[in-house]
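Notes to accompany the following structure.
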Amino acid sequence: MRKHDDIYIERIFSVRLQQALDENMMSAEDLEDLNVTSASNIAKYLRGTALPQLRTIYYIAEYLGVSIDWLCGLSD
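For the sequence shown, the residue numbers in my numbering are 3 to 78.
Right, dumping it as structure tokens:
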């Protein structure tokens, strides 16, 4: 899989989002409670079937204490 394929981007975001949630002992419902986005959208992100808009990525990264670059697979 090439790094810039859409499938790669959705997969890496999904994996890193789950990792950040686990490390913060948070759930998708916790993000929904913070008014980041709906639970159905978060479920899509975690399945790797959708990507959030930039504003949503910003809030997810902020709440989970990770960088946007890391969350999107641009840095380790």
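Heads up, the beta-carbon is just placed ideally off N, CA and C, and yes, glycines get one too.
Among the options, the one whose alpha carbon lies nearest that of residue i
i, options, result
"residue 27", "59, 37, 65, 55", "65"
"residue 34", "74, 58, 71, 17", "58"
"residue 23", "44, 53, 13", "44"
"residue 72", "49, 52, 21", "21"
Residue i, buried or exposed, once every other Cβ within 10 Å from all chains shown has been counted against 16
i, result
"residue 56", "exposed"
"residue 41", "exposed"
"residue 36", "exposed"
"residue 30", "buried"
"residue 62", "buried"
"residue 3", "Confidence in residue 3 is poor, its pLDDT being 46 and thus under 50, which makes the residue's placement unreliable; the coordinate value appears in the next sentence. Under this definition residue 3 is an exposed residue."
"residue 19", "buried"
Contiguous beta strand (DSSP E) assignments of at least 3 residues, all confined to the stretch 15-42
none
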